[in-house]
Amino acid sequence: MVERVACVDYNLPLQHQVKSKDGRTILSNIHVPKGTHIYLSLGSVNRDKKIWGEDADKFNPHRWLEPMPPSVSESKIPGVYSNMRVPIIVCFFDTIDVLIG
683 MVERVACVDY
693 NLPLQHQVKS
703 KDGRTILSNI
713 HVPKGTHIYL
723 SLGSVNRDKK
733 IWGEDADKFN
743 PHRWLEPMPP
753 SVSESKIPGV
763 YSNMRVPIIV
773 CFFDTIDVLI
783 G
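Using the numbering used here, the first residue of the sequence shown is number 683, and each one after it goes up by one.
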């Protein structure tokens, strides 16, 4: 799990729409107030079969030798280059883990 804190009020778009608890409303985004602690399960997203396919739970080095399918390239998974694709919505209060250079 990775923890982040929202720097601003933000309507966070969801990759897939979900039903509300009462089942009457379909949600495509969630309002995140400034100061909210956000926990990201990167282990789960890196094994999501909707993104990576049926072999998502297996190490498959061959997947990196070919162009990524749209389910991967358009998924906006957090990573080294992800801030080049999506708006920055969280503050990073921990150390820099990756340096590009």
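The C-beta atom is built at its ideal place from N, Cα and C for all residues, glycine as well. As the structure is a prediction and not an experimental result, all values here were calculated from the model.
So if DSSP puts R729 in a beta bridge, which residue, or which two residues, is it bridged to? None, per the DSSP bridge assignment.
Looking at the structure shown, is R745 part of a helix, part of a strand, or coil, going by DSSP? helix
Using DSSP bridges, identify the partner residues of I712. In the DSSP secondary-structure assignment, I712 is bridged to L694.
Cα-Cα separation, V772 to V714: Annotation note: pLDDT 44 at V772 (below 50); position unreliable, no value reported.
Which first and last residues belong to the alpha helix (DSSP H) in which P752 is found? Looking at the DSSP string, the run of the alpha helix (DSSP H) that includes P752 is P752 to S755.
What does the Cβ neighbour count give for W746, buried or exposed, with the cut at 16 atoms within 10 Å? exposed
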